[in-house]
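Heads up, the thing below is written out as structure tokens.
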Amino acid sequence: MIILSLPSMQKLRLTADVKLYILQSSMNNSDAHNLSQNAIKAAVSKNWQEAVDLNEAILETSPKDFSALNRLGIAYSMIGKKTKSIASFRQVLALDPKNQIARNNLNRLKVLKDSKMIGSQVNRVNFVEEPGKSKVVSLVSAGEPAFLSTLSIGEQIEIVPGKFKIKITNAKKKFIGYLPDIISHRLLQLIKGGYKYRGFIKSINPKSPSIYIEETHTSKRLKGLRSFPLDENEILPNLTAGESSEIPPLEIYDPEIGTEE
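By the working numbering, the letter at position 50 of the sequence shown is numbered 57, and the numbering carries on one by one without gaps.
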């Protein structure tokens, strides 16, 4: 039979208490992570009331969680509670005055007449670049910041070929920006050869908005030339005068992916 001295028993009890504390802390961190993941899933699935409930639960134990406050602001906006949405974003800025997500969302709420920030036509896009076929592009000569702040990530855009440049607009033909010259010149030639594209808003930074653009159709007569080569200076072959001038028009797809009913 082993008899422990009082100091040894106190040390053992302290060690057990520390282990219990560590275990509880680990469980709390795991629970918090699960709540955050579920809150994100609720937002992606557009279960906005569930998103509100989950983010509020997170904030009960972590009142300075910027991500939860920003998610809560968006969720409140989507169920029409504009005042609470604004309060959430302002709370973020009170804690972190440079938080760009909260600042952008507040600007959007001020501009929009409807209290819902995100339109029903927003698409779920993974923005994964497929070499040669799709690319994230920063626009140049961007439009008015007040208008850009009303755009939504995943919102489909219009690709408008001009004589020398390609203009990007929203579905209502409002100007967003231009593709950089080197990309515009290449895509203009490919479009004349029968290529087709579609694009979505990737970033709504008012100074440098970006879009995700991808091929939707290629041309056999151009032998599968890449839209976005690794070498941007790669030269395209000239279209011969003997080829048909009846070039299919640029097709702008408008699938209602993820549209709420």
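Quick reminder that beta carbons are idealized off the backbone N, C-alpha and C, glycines included. For clarity, every value in this text was computed on a predicted model and none was experimentally measured.
Phenylalanine 235 is bridged by DSSP to Gly139.
Taking 3 residues as the shortest admissible run, the region 149-235 contains the following complete beta strand (DSSP E) segments, listed from N- to C-terminal end: 163-168, 173-176, 182-185, 203-210, 217-224. About 22 Å separates the beta carbon of glutamate 221 from that of serine 148, a gap too long to meet the 8 Å contact definition. For glutamate 165, the closest C-alpha among the options Leu155, Glu136, Glu137, Ile208 is that of Ile208. Burial of aspartate 72 is indicated by the presence of at least 16 other C-beta atoms within 10 angstroms of its C-beta.
Here glutamate 57 has Ala49 as same chain residues with Cβ atoms under 6 Å from its own Cβ, once five neighbours each way along the sequence are excluded. Contact annotation: arginine 233 and glycine 200 have beta-carbon atoms that are not nearer than 8 Å. In the DSSP annotation of this structure, serine 69 is not part of any alpha helix (DSSP H), being labelled neither H nor E. When the five nearest sequence neighbours on each side are left out, the beta carbons in the same chain lying within less than 7 Å of the beta carbon of lysine 91 are those of Tyr83, in order along the chain. The three-state secondary structure of serine 95, taken from DSSP, is helix.
In the DSSP assignment, valine 144 is bridged to Ile218.
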